[in-house]
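I have placed the structure first, in the form of structure tokens, so that the comments after it can refer back to it.
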Amino acid sequence: MKTILGNVDITLKGSTRGTLRRDFNHINVELSLLGKKKKRLRVDKWWGNRKELATVHTICSHIQNMIKGVTLGFHYKMRSVYAHFPINVIIQENGSLVEIRNFLGEKYIRRV
């Protein structure tokens, strides 16, 4: 069993989806790799109160989402809706720039 202590830093590498790196050294937990091939990760928190023990599940969820993002990827479908002020959304430059006009009646053009 290998234990990762002190500077808790996790790096995940995927095939085509890139690399994710997350630093967990601000939380006092113990991460250990289990199994013969070191493919299982265990997160331990010793003698913590209720809020500190809740961070264990949060770290596990972050790591699971990182693994899912590197291996499978995420796909979001978004819609723009409005109630009073009609919003104009324009996609430009081959989908790399989105202009939002008349957001909450503003004259400012938001470019994302």
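For what it's worth, full-length UniProt numbering labels the leading residue of the sequence shown as 1, then goes sequentially.
Using N, Cα and C, we set each Cβ at its ideal position, and we do this for glycine too.
Computed from a predicted model, the values in this text were never measured in an experiment.
Helix, strand or coil at residue 122 according to DSSP, with G and I counted as helix: In the structure displayed, the chain extends from 1 to 112; residue 122 sits before or after that span and is not available.
Would you mind sorting L5 into buried or exposed? The rule is 16 or more other CB atoms within 10 Å of its CB. Bear in mind that the predicted position of L5 carries a pLDDT of just 46, short of 50, making it too unreliable to give a figure here.
With burial defined as no fewer than 16 other Cβ atoms inside 10 Å of the residue's Cβ, what is the status of F85: buried or exposed? exposed
What three-state label does DSSP hand T16 in the structure shown? coil
Do I59 and V29 have their beta-carbon atoms positioned less than 8 Å apart in this structure? yes
Give the range of the beta strand (DSSP E) segment to which I100 is assigned. 97-101
Leaving aside the five residues before and after I27 along the sequence, list all residues of the same chain whose C-beta is less than 6 Å from its C-beta, in chain order. T55
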